[in-house]
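Notes follow the structure.
Residue numbers (the numbering used here): 1 to 133.
Put into structure tokens, the structure is as follows:
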């Protein structure tokens with residue numbers, strides 16, 4: 001599966017769920033163990049047990065389309081908000097602050113390597129932000 005298909009699949013799912021939960025393809029760096037379907041597994045973060053059936057209902061209409069795109073059904077691995085914070089907090093940047101000036105917004109992010117990185121947004125750039133962890 002190429003990068004465009006992987007990106008397209010995540011984008012379809014994010015739009016179907018209204019960007020409610022962070023999603024990503026399972027990777028070898030942060031996921032331990034080998035299992036059947038790993039190449040077609042998607043992590044769903046910050047989702048409670050009570051919300052999992054609703055998630056599956058919201059993506060039901062996309063499942064056949066995704067199967068056609070990637071050549072297999074997706075396997076979803078759900079992580080509760082508590083498990084996300086405990087085991088995966090290092091993969092989500094933490095918002096440290098926002099400074100709003102005339103025609104500029106500075107966003108300070110705290111990275112997992114204990115350093116700060118900044119994003120500057122001027123009046124010609126729009127970036128939709130979503131809450132992660």
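Note that CB positions come from ideal geometry on N, CA and C, so glycine has one too.
Tell me the rounded alpha-carbon separation between residue 13 and residue 104.
Using only the alpha carbons, I get a separation of about 32 Å.
Check each candidate in 29, 34, 70 and 58 and name the one with the smallest Cα separation from residue 40.
The residue with the shortest Cα to Cα distance from residue 40 is 70.
Tell me the rounded alpha-carbon separation between residue 49 and residue 64.
Spanning the two alpha carbons is a distance of roughly 24 Å.
Do residue 22 and residue 55 have their CB atoms nearer than 8 Å?
No; because the gap between Cβ atoms is not below 8 Å, this pair is not in contact.
Specify the secondary structure class of residue 76 as computed by DSSP and reduced to three states.
Strand, per DSSP.
Determine, using beta carbons only, whether residue 59 and residue 26 come nearer to each other than 8 Å.
Not in contact: residue 59 and residue 26 (Cβ atoms no closer than 8 Å).
With 16 other CB atoms within 10 Å as the buried threshold, where does residue 43 fall?
That one is buried.
Considering residue 41, what are the terminal residues of the beta strand (DSSP E) in which it resides?
41-44 is the span of the beta strand (DSSP E), which, as asked, contains residue 41.
Any idea what DSSP makes of residue 111, helix, strand or coil?
Confidence at residue 111 is low in this model, with a pLDDT of 48, below 50, so its placement is unreliable and no value can be given for it.
At which residues does the beta strand (DSSP E) containing residue 24 begin and terminate?
Here the beta strand (DSSP E) through residue 24 covers 23-25.
On a Cα-Cα basis, can you pick out the residue from 32, 29, 57 and 67 that is closest to residue 8?
Looking at the Cα atoms, 67 is the closest of the given residues.
If we call anything under 8 Å between Cβ atoms a contact, is residue 32 one with residue 79?
Contact flag unset, no.
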